[in-house]
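Asks: Protein sequences appear in the order of chains A and B.
Take the first sequence: its letter number 72 is residue 347 in our numbering, and every next letter is one higher.
Take the second sequence: its letter number 112 is residue 289 in our numbering, and every next letter is one higher.
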Amino acid sequence: MDKLSNNQIAWRAAQDIADGAYVNLGIGFPEKVAQYQPPGRHAIFHTENGILNFGEAPAPGEEDWDLINAGKKAVTLRPGAAFFHHADSFAMVRGGHLDVAILGAYEVAENGDLANWSTGPKGVPAVGGAMDLVHGAKRVAIITDHVTKDGQPKLLRRCTLPLTGVGCVTRVYTSLAVIDIADGRFMLREKLPSLGLEAIQRLTGAELHRDGPVADLIVPEL
Amino acid sequence: MDKRVTGLAEAVADIEDGVTVMIGGFGGAGSPIELIHALLDRHRATGHPRDLTLVNNNAGNGHLGLAALIEAGMVRKIICSFPRSADASVFNAAYRDGSVELELVPQGTLAERIRAGGAGIPAFYTPTSVGTDLARGKPVAEFDGRRYVQERWLKADVALVKAELADTQGNLTYRMAARNFSPLMCMAATQTIVQARRILAAGGIDPEVVVTPGIFVQKIVEVASPVQEEDLARAGAAYPLEA
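#1: For the alpha helix (DSSP H) containing E341 of chain B, list its first residue and its last residue.
#2: Give a yes or no on whether 7 Å exceeds the smallest Cβ distance from Q327 of chain B to chain A.
#3: Can you pull the chain B residues whose beta carbon is under 7 Å from the beta carbon of P403 of chain A, in chain order?
#4: Under 7 Å, Cβ to Cβ, is there at least one residue of chain B near M406 of chain A?
#5: Counting only beta-carbon atoms, is W286 of chain A nearer than 7 Å to chain B?
#6: Rounding to the nearest angstrom, what Cα-Cα distance links P384 of chain B and T197 of chain B in this structure?
#7: For the region 354-384 of chain A, which residues have a beta carbon sitting closer than 8 Å to at least one beta carbon of chain B?
#8: With a cut-off of 8 Å, do at least 3 Cβ pairs link the region 401-418 of chain B to the region 204-215 of chain B?
#9: Which stretch, first to last residue, makes up the alpha helix (DSSP H) that contains R411 of chain B?
#10: With a floor of 3 residues, list each beta strand (DSSP E) that falls wholly inside the region 464-488 of chain A, ordered by position along the chain.
#11: Judging by CA-CA distance, which residue of A:R433, A:I475, A:R316 is the nearest neighbour of Y297 of chain A?
#12: On a Cα-Cα basis, can you pick out the residue from A:A376, A:L279, A:G371 that is closest to F320 of chain A?
#13: Taking the alpha carbon of G371 of chain A as the reference point, which residue from A:L300, A:G426, A:A412, A:A481 has its own alpha carbon closest?
#14: Strictly below 8 Å CB to CB, what residues from chain A border Y272 of chain B?
#15: For my contact list, L436 of chain A and S393 of chain A are in at a C-beta cut-off of 8 Å; report their separation, rounded to the angstrom.
#16: Taking the Cβ atom as the reference point for each residue, do W286 of chain A and E407 of chain B lie within a distance shorter than 7 Å?
#17: Answer with yes or no whether the minimum CB distance from D341 of chain A to chain B is below 7 Å.
#18: Give the interface partners of G325 of chain A over in chain B, defined as CB-CB distance under 7 Å, in chain order.
#19: Near Y448 of chain A, which residues of its chain fall below 6 Å by C-beta distance, leaving aside the five closest residues on each side in sequence?
#20: Against S306 of chain B, what residues of chain A qualify as contacts under a CB-to-CB distance less than 7 Å, listed in chain order?
#21: Rounded to whole angstroms, what's the CA-CA distance from P305 of chain A to D420 of chain A? Just pull it up for me.
#22: How is the beta strand (DSSP E) around H361 of chain A delimited, first residue to last?
#23: So does V409 of chain A have its beta carbon nearer than 6 Å to some heavy atom of the ligand SAM?
#24: Restricting to Cα atoms, I'd like to know which of A:Q312, A:D277, A:V350 is closest to D291 of chain A.
#25: Between T309 of chain B and chain A, is there a C-beta pair that is closer than 7 Å?
#26: Only counting the same chain, and skipping five residues up and downstream in sequence, which positions put a Cβ closer than 8 Å to that of Y302 of chain B?
#27: Which same chain residues, not among the five before or five after V415 of chain A, have their C-beta less than 6 Å away from its C-beta?
#28: Taking buried to mean at least 16 other C-beta atoms within 10 Å of its own C-beta, is K424 of chain A buried or exposed?
#29: Entirely within the region 355-432 of chain A and at least 4 residues each: give me those alpha helix (DSSP H) ranges in chain order.
#30: Let me know if H361 of chain A comes out buried or exposed under the rule of 16 or more other beta-carbons within 10 Å of its beta-carbon.
#31: Which residues, in order along the region 407-434 of chain A, keep a beta-carbon less than 9 Å from a beta-carbon of chain B?
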């Protein structure tokens with residue numbers, strides 16, 4: 276079956292980020308979004324541990340471990356960068372100052388609920404900034420494979436795993452489609468042209484609604 | 178006023194059993210490794226302090242710093258947001274055998290609880306964790322049509338903090354992202370103990386660039402060439418460090 280690679284999902288999400296937007300990318304897969312900004316656009320990236328306007332990783336051997344991102348990876352600074360303490364950092368998050376946060380997901384529900392921090396009671400729990408990031412950014416977007424490794428839907432009527440946030444997600448970029456969440460419903464906006472509506476509905480755990488034509492999801496080879 | 182002490186051992190000499198200790202740092206950035214190891218040295222020599230409650234974003238990496246405090250059996254409880262790290266084996270073992278209690282707090286809530294503790298605000302409402310397992314048992318209230326969770330302030334008996342510059346009055350600057358929780362912890366602790374790469378005379382730091390005003394600092398010790406915890410961890414080093 277046709278599906279987008281992680282790089283291609285990240286590329287698609289990057290196309291919706293405006294020049295000059297303040298953006299937080301979750302640890303891991305969402306960090307890829309930074310690589311695919313359209314030419315001429317420069318978002319300002321925020322990291323919870325206290326940097327605005329950081330850049331890509333330094334060359335190996337050039338790391339400064341006082342200059343890291345929330346994933347504890349070494350980063351660099353871009354002109355106009357700023358440092359700040361954790362209370363200010365999370366004021367930026369909860370206070371509605373970020374334009375968009377792009378995060379990963381275990382499950383997303385049609386009511387906007389997100390589960391992305393815990394797979395259940397086994398193991399040592401760890402939350403970090405996940406529960407903070409889902410509140411306050413003007414848009415909370417998710418990038419994810421459309422289904423789990425076992426082929427089960429990740430987009431559901433209701434989440435089954437422990438919630439990260441309630442009613443917080445506004446858009447989902449998957450390996451098959453772009454879906455908005457509005458009024459407690461999944462609204463299908465774009466889908467792979469090779470995939471029929473029935474096929475994508477079968478891979479989705481809640482009803483996909485349409486309020487207009489569904490655009491083709493066209494992404495370059497990456 | 179001169180808040181300098183003569184050395185690391187003196188800096189940590191009166192930390193008592195059972196107290197709450199906030200430790201600055203996020204990963205290796207800002208980790209006051211020399212102060213922590215001085216506390217470990219004291220424990221090796223005297224058996225004290227012990228039964229500590231630690232507050233940090235993480236729960237230690239490898240066999241250094243915070244992880245070494247746990248490994249030495251000095252810790253009763255950890256309040257943190259993210260106990261995972263490259264090598265969290267020490268915390269994981271202590272958590273599984275029940276010897277260390279974990280209070281898991283969302284990262285921004287942890288920061289704000291510490292800030293509130295330092296600012297005299299006993300409780301506040303935040304949208305973070307509403308409707309999740311981490312809000313269980315906490316009061317929820319609606320403001321302007323949205324629900325918020327009540328969180329309590331967090332204070333400490335002691336804070337251990339790594340600064341870049343200090344002056345003798347305790348005014349501080351930090352280095353890059355090593356700032357993280359430290360300015361908040363300085364405010365929230367009864368006794369803030371700072372290791373600084375350089376201690377200047379009063380007036381040596383431009384008042385326009387002071388990040389932590391000296392009123393929040395009680396003791397300063399100069400550590401001119403501090404080690405970076407991340408470098409030590411990547412080299413596989415363990416406490417006690419070889420001289």
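Think of the CB as a built atom: it goes at the ideal place given N, C-alpha and C, for glycine as much as any other residue.
Replies: If we stick to the structure as given:
#1: Counting along the chain, E341 of chain B falls outside any alpha helix (DSSP H), though it belongs to the beta strand (DSSP E) covering 333-344.
#2: Output row for Q327 of chain B: interface = no.
#3: Before going on, a small fix: residue 403 of chain A reads as Gly here, not Pro. For G403 of chain A, the neighbours in chain B by C-beta distance under 7 Å run, in chain order, S258, F259, Q284.
#4: The beta-carbon of M406 of chain A is placed less than 7 Å from the nearest beta-carbon of chain B.
#5: Not a single CB atom of chain B sits nearer than 7 Å to the CB of W286 of chain A.
#6: Looking at the two C-alpha atoms, the distance is approximately 31 Å.
#7: Cβ contacts with chain B come from F358, F359, H360, H361, A362, S364, F365, V368, R369.
#8: When Cβ pairs closer than 8 Å are counted between the two stretches, the region 401-418 of chain B is seen to touch the region 204-215 of chain B, the count reaching three or more.
#9: 406-411 is the extent of the alpha helix (DSSP H) around R411 of chain B.
#10: Counting only runs that start and end inside the region 464-488 of chain A, there is no beta strand (DSSP E) element of at least 3 residues.
#11: Nearest to Y297 of chain A by alpha-carbon distance, out of A:R433, A:I475, A:R316, is A:R316.
#12: Nearest of A:A376, A:L279, A:G371 to F320 of chain A, Cα basis: A:A376.
#13: Comparing Cα-Cα distances from G371 of chain A to each of A:L300, A:G426, A:A412, A:A481, the minimum goes to A:A412.
#14: Simply V399.
#15: About 7 Å; that satisfies the 8 Å criterion.
#16: No, Cβ-Cβ distance for W286 of chain A and E407 of chain B is not below 7 Å.
#17: With a threshold of 7 Å between beta carbons, D341 of chain A makes contact with chain B.
#18: Within 7 Å Cβ-Cβ: A354, R356, N357.
#19: Cβ within range, chain order: I284, R287, A288, I418.
#20: Per Cβ cutoff of 7 Å: M406.
#21: C-alpha separation (whole angstroms): 12 Å.
#22: Per DSSP, H361 of chain A belongs to no beta strand (DSSP E); it is in the alpha helix (DSSP H), 361-369.
#23: Looking at this structure, you won't find the ligand SAM or any other ligand, since it has none at all.
#24: Out of A:Q312, A:D277, A:V350, A:Q312 has the C-alpha closest to the C-alpha of D291 of chain A.
#25: Chain A contact via Cβ: present.
#26: Around Y302 of chain B: A318, F320, Y325, V326, Q327, E328.
#27: So the list reads A376, V409, C443, V444, T445, once near-sequence residues are dropped.
#28: K424 of chain A comes out exposed.
#29: Correct list: 361-369, 405-408.
#30: Taking all protein chains shown into account, H361 of chain A has 16 or more neighbouring C-beta atoms within 10 Å of its C-beta and is therefore buried.
#31: Residues are counted here when their Cβ sits less than 9 Å from a Cβ of chain B; for the region 407-434 of chain A these are D407, L408, V409, H410, G411, given in chain order.
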